[in-house]
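Working notes, beginning with the structure itself.
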Amino acid sequence: MEEHHTEHYTEHHEHREEHRETIPLKQKFEKGYNKNYKLLLLIPAIILILSLIQLGYSYSQNGDFIEKDITLTGGTSITILIQDSEISINQLSNFLSNNIGDFSIRELSDFRSGQQKAVIVETVLGPNEIRPFVEEYLGYELTTENSSIESTGSSLGESFYNQLRIAILISFILMAIIVFFIFRTFVPSAAVVISAFADIIMTLAFVNVLGIKVSSAGITAILMLIGYSVDSDIMLTTRLLKRHGETNKNLFGAFKTGITMTLTSIVALTVALVITQSFSEVLQQIFTILLIGLGFDIMNTWITNVSILKWHLDVKNKGNN
Amino acid sequence: MAKLNWKIWLLIFFVLGSLLAVFPLNFTKGVQIASIEDDSISFEAGLRQGQIITKINDQTIENFEDYKNAINSIFPEENQNEIPLIELRINTDQENFIFETDEKLIMGLIEIFPEENKPEDENGLKNEDLTPIAIKINSLNQNSISYENGLRENQTIISINGQEITTLEDYNRIMNNLFPNENKTKLTVTTNAGEFIIFTNKIPKITVKDIPRTRIKTGLDLSGGARALITAEDKELSRSELNDLISITSQRLNVYGLKDVQIRPVTDLAGKNFMLVEIAGSTPRELEDLIAKQGKFEAKIGNQTVFEGGEKDVTYVARTGEQSGIYSCNPLQEGGQGCNFRFAISLSEAAAKKHASITCELGVNPENPQYLSEKLDLYLDEKLVDSLFIGKDLKCSETTQIQISGAGTGDTREQAYDNAQKEMKQLQTVLISGSLPFKLKIEKLDTISPLLGKEFLNTIIIAGLAAILAVGIMVFLRYRKFKLSLAVILTSLAEVLIILGISALFNRNLDLPAIAGIIAAIGTGVDSQIIILDESQMTSLSLRERIKRALYIILGTYVTTLFALLPLLWAGAGLLKGFAITTIIGISTGVFITRPAFSEIVRKILKE
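Line by line, the protein sequences give chains A and B. If you read the first sequence in numbering that gives the first Met the number 0, its first letter stands for residue 0, the second for the next number, and so on. If you read the second sequence in numbering that gives the first Met the number 0, its first letter stands for residue 0, the second for the next number, and so on.
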């Protein structure tokens, strides 16, 4: 019984506030929104076009839309575990650049103490070409006790990449078919699919801008993104299509739910990213890509999808009247 | 107390089931046998992998430390080298063997009865006063000392050290006389499967580990080990070629002494076949050679092949004892050290005949008249390993015993010794397993250190709990109801638990992609819970109606995500399968078990 009271109290409280100041503001906002929501579509449209240009540019530069890491191009990654003394990345880098051409070096450090935990050397070369040089620099043999070595042949890397691309394509098509099946009307379904598409394209472009080299795990993150993106879109569309009542009211309710969903995911992913980043490149990349994707998803759900859907409903309502 | 809805019961049932699957109901304190040699005295006594040792003699064993202390006190180090070697002269119907060993031989023996006196007559009546006339080897472990010295199944043992043997009793009496138990330590090992008594003067050939606290298995990328993805070079592997490849590879790794190996065929989205080899724990550096070398061994005189590796030509390869080992190490002229190894092999009759016919055509070496004019050249993968002189008395002889030799070099004597040993082991391995019919290519080779994994698992658990807690806080900020927030946290935890439980039940390894999958599933789970919370608070409809609508949305997103994940089961040679599987388990659990229960819980909380 007690809680019942509290609930009433909260509602009351909100009402009072709305009466005092929000209502005129809200009405003003609503009026402006009703007039200009189609214009809002320009923002995602411009970003989408810029993203497509970015991807096209990378394609013309590197022969591919994204920068791939060695799990997709083939190559070797050596993770040297730090045992007693830290390894100077600069010295190792100088030493290696005298001997081999293309390589990159990073370090993993503990997220609390900042202590160096591991040094990662990545190269497109095979393990037997890079290993002797690293061993020469370190002065000891690399064994499973002090290091991890992962290598992928170039043809396998390439075929992984092709298959994962096909996997994303198939996933996307299956998703689209199901969305159309659920809503059975063209424009709302297309709006969901367009939002998901925009999410992926913008995320990929942003990943390129940040200079992240995408691994096979990163591609699974893109797949996850399809799921996360469609989640809030389906919720929104169901609320607006299958529910009676004023579009804007439904929209506001859906917005509250959807933004809670996305923000909750963002907070949880950020926490997980901060804790795991010093340990695993794989999880770090998955979380980063998802965070970027969810950021764009806020825009694509609440501007792209909403505007198209509202437009559709307005046209339909006018026709009915 | 209000009656609980069946949906909540279903959730409770799954949570309890998963708890049982993840945490075994086992309160025994002790150590578990992680591995045991099949030909050891301990194995013969009845100890097996997986048994839990609770007591040795009178010392209670609760953990690994206890086991180590008990073994060290029973077998003090100073006595380790005093195990006497006993010479055995075994005469069988086929061959005679002489070798030394410090423990009695372990093999399956059966008694043979004279033809007219079968142990059972035609009426099925047992003839009681039958005396066997001989004993025959019925089964023999390939890693045993007996096997390595040439004993084989179906050989009949005639005598041991000059004493004739016709019955099992004879055999046991002789063995017990040669290896008396009085000189040995009696070990009484108490396990969960009973008590076993072992007489031995060596530390039992078993490895033990603390009893695992959970049944969750972590993948190689967390627990450490090696993983190799292999195809043929320049050709597509057919299914049957792949199976041949797998059987040869498992034999090689087995001969090499690698345990905890998993080899299985995988097919990727493009229909290409691979062999996936996974080895847990630390891996030898020569793994690459072992799995990818074609291993074509040929012994040639001139350009005629006398014999090749594999059981067709080579019937036996000595791997221990006096017939195999490193016999000399010398400084080399060009600097460094070299060590020479040799080991004996037995040839099949056909190979021996070939040897005879080829050597018949040879003359005598003009410079060195003890030997024949041509040498026996040993090639491994078309590379000359060694050239052996052939003694002139071997001309035209159908010899079945051949000595294989070779050398290893290194900067120091130790390096040379190690290399010689490696070379010898590899040569023995290919001689036993034979060669692969095509060249191989390692497409992917990962060797992952187990060291990073331990801390890593803890970090993932902390990250997971922190993320779920963060979700709880977000839900509280939005709805201002502690109970709802708690319901979301508990539901998410239940989902994680059920995913882990199902993975443990189906023996699935949890690797990094699988963990990413759990995160994805929990993420979509929380999203759906928020949809339920919001839908159920819309006051214009009845509560039941509202929740029905919520479930409609959830089912829609479920089906889309499910289908989006399907291609991943095959893409990339299935290396990301773990992700797809855990996500599918997770979202299915969500839709069919946790979410219906969550809606009920929410309904109860809101009704109050």
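Built from N, CA and C at the ideal position, the CB exists for glycine as well.
Same chain, Cβ closer than 6 Å to residue i, five either side skipped, listed in chain order
{"i": "B/V429", "result": "G294, F296, G308"}
{"i": "B/M174", "result": "K103"}
{"i": "A/A253", "result": "L235, R238"}
{"i": "B/A519", "result": "T582"}
{"i": "B/M0", "result": "The pLDDT assigned to B/M0 is 46, lower than 50, so where the model puts this residue is not dependable; a value taken from the coordinates is nonetheless given after this. Around B/M0: no qualifying Cβ."}
{"i": "B/D92", "result": "T155"}
{"i": "B/S17", "result": "L496, I497, G500"}
{"i": "A/P23", "result": "none"}
{"i": "B/R318", "result": "E147, Q427"}
Chain-ordered chain B contacts of residue i [CB-CB under 7 Å]
{"i": "A/P323", "result": "Given that chain A is displayed from residue 0 to residue 320, the structure contains no residue 323 of chain A and the question cannot be resolved."}
{"i": "A/S108", "result": "Here the premise fails: no neighbours, minimum Cβ distance about 13 Å."}
{"i": "A/M223", "result": "A519"}
{"i": "A/E157", "result": "Under the 7 Å cutoff, chain B gives no residues; its nearest Cβ is about 11 Å from A/E157."}
Residues of its chain near residue i, where Cβ-Cβ distance is below 8 Å and the 5 sequence neighbours each way are ignored
{"i": "B/L616", "result": "No statement about residue 616 of chain B is possible, as the shown extent of chain B runs from 0 to 607 and does not include it."}
{"i": "A/V208", "result": "Q53"}
{"i": "B/T199", "result": "I40, S41, E102, K183, T184, L186"}
Chain-ordered neighbours of residue i on chain B, where CB pairs are closer than 9 Å
{"i": "A/K255", "result": "R477, D533"}
{"i": "A/Q162", "result": "D267, L268, A269, P566, W569, A570, G571, A572"}
Contacts around residue i, its chain only, beta-carbon distance under 7 Å, and the 5 residues preceding and following it disregarded
{"i": "A/H3", "result": "Unreliable positioning characterises A/H3 in this predicted model, as indicated by a pLDDT of 45, which lies under 50. A coordinate reading is not provided."}
{"i": "A/V123", "result": "I69, T72, G73, G74, D101"}
{"i": "A/E6", "result": "For A/E6, the pLDDT reaches just 41, beneath the cut-off of 50, and the residue's location in the model is therefore unreliable, leaving the point undetermined."}
{"i": "A/Y136", "result": "L91, F94"}
{"i": "B/S372", "result": "L361, G362, V363, N364"}
{"i": "A/T151", "result": "I69, T70, G73, G74"}
{"i": "B/L618", "result": "No statement about residue 618 of chain B is possible, as the shown extent of chain B runs from 0 to 607 and does not include it."}
{"i": "B/I290", "result": "A227, I229, T248, V276"}
{"i": "A/H12", "result": "Reliability fails at A/H12, whose pLDDT of 46 lies under 50, so the model's placement of it is uncertain and the value that follows must be treated cautiously. The answer is none, since no qualifying residue turns up."}
{"i": "A/Y8", "result": "Any answer about A/Y8 is weak, because its pLDDT of 43 lies below 50 and its placement is not dependable; what the coordinates show is given next. There are no such residues."}
Proximity of residue i and residue j at Cβ, strictly below 9 Å
{"i": "A/I225", "j": "A/I167", "result": "yes"}
{"i": "A/R105", "j": "A/V118", "result": "yes"}
{"i": "B/V525", "j": "A/M260", "result": "yes"}
{"i": "B/I159", "j": "B/L87", "result": "yes"}
{"i": "B/K103", "j": "B/E61", "result": "no"}
{"i": "B/V316", "j": "B/A350", "result": "no"}
{"i": "B/D385", "j": "B/S356", "result": "no"}
{"i": "A/D313", "j": "A/Y227", "result": "no"}
{"i": "B/T588", "j": "B/I498", "result": "yes"}
{"i": "B/L509", "j": "B/T217", "result": "yes"}
{"i": "B/A462", "j": "B/C338", "result": "no"}
{"i": "B/T206", "j": "B/S448", "result": "no"}
{"i": "A/T303", "j": "A/P43", "result": "yes"}
{"i": "B/I580", "j": "B/L565", "result": "no"}
Listed by chain order, chain A residues near residue i by CB distance under 7 Å
{"i": "B/I459", "result": "T275"}
{"i": "B/A469", "result": "V266, A267, V270"}
{"i": "B/L575", "result": "S215, T219"}
Strand pairing of residue i, partner residues [DSSP]
{"i": "A/I148", "result": "A/I77, B/T446"}
{"i": "B/V188", "result": "B/I55, B/F195"}
{"i": "B/G107", "result": "B/S138"}
{"i": "B/A298", "result": "B/F306, B/L377"}
{"i": "B/V316", "result": "B/I344"}
{"i": "B/F388", "result": "Note: B/F388 sits in no beta bridge, so no partner."}
{"i": "B/P595", "result": "Its beta-bridge partners do not exist; DSSP assigns none."}
{"i": "B/D209", "result": "B/V30"}
{"i": "B/V276", "result": "B/A227, B/I262"}
8 Å Cβ cut-off: residues of chain B touching residue i
{"i": "A/I233", "result": "I552, G555, T556, T559"}
{"i": "A/A271", "result": "A462, G463, A465, A466, I518"}
Listed by chain order, chain A residues near residue i by CB distance under 8 Å
{"i": "B/F455", "result": "F278, S279"}
{"i": "B/I346", "result": "The amino acid occupying residue 346 of chain B in the given sequence is Leu; Ile does not appear at that position. Under the 8 Å cutoff, chain A gives no residues; its nearest Cβ is about 36 Å from B/L346."}
{"i": "B/I529", "result": "T256, T259, M260, T263"}
{"i": "B/V525", "result": "M260, T263, S264, A267"}
Legend entry - Contact list for the stretch 47 to 61 of chain A against chain B, Cβ threshold 8 Å: The residues in question: there are none.
Inset, instruction - Please name the residues in the stretch 169 to 202 of chain A whose beta-carbon is closer than 7 Å to at least one beta-carbon of chain B, in chain order. - result: Residues I169, S170, L173, M174, I177, V178, I181.
Inset, instruction - Note down, in chain order, all residues in the stretch 481 to 500 of chain B with a beta-carbon under 8 Å from any beta-carbon belonging to chain A. - result: Result list empty, no residue passes.
Legend entry - Chain-ordered residues of the stretch 381 to 409 of chain B with a beta carbon less than 9 Å from chain A: Residues passing the 9 Å Cβ filter: none.
Inset, instruction - Please name the residues in the stretch 93 to 112 of chain B whose beta-carbon is closer than 8 Å to at least one beta-carbon of chain A, in chain order. - result: Cβ contacts with chain A come from no residue of the stretch 93 to 112 of chain B.
Inset, instruction - Give the residues from the stretch 563 to 597 of chain B that approach chain A closer than 9 Å (Cβ to any Cβ), ordered along the chain. - result: If the cut-off is 9 Å between Cβ atoms, the stretch 563 to 597 of chain B has A563, L564, L565, P566, L567, W569, A570, G571, A572, L574, L575, F578, A579, T582, I586 near chain A.
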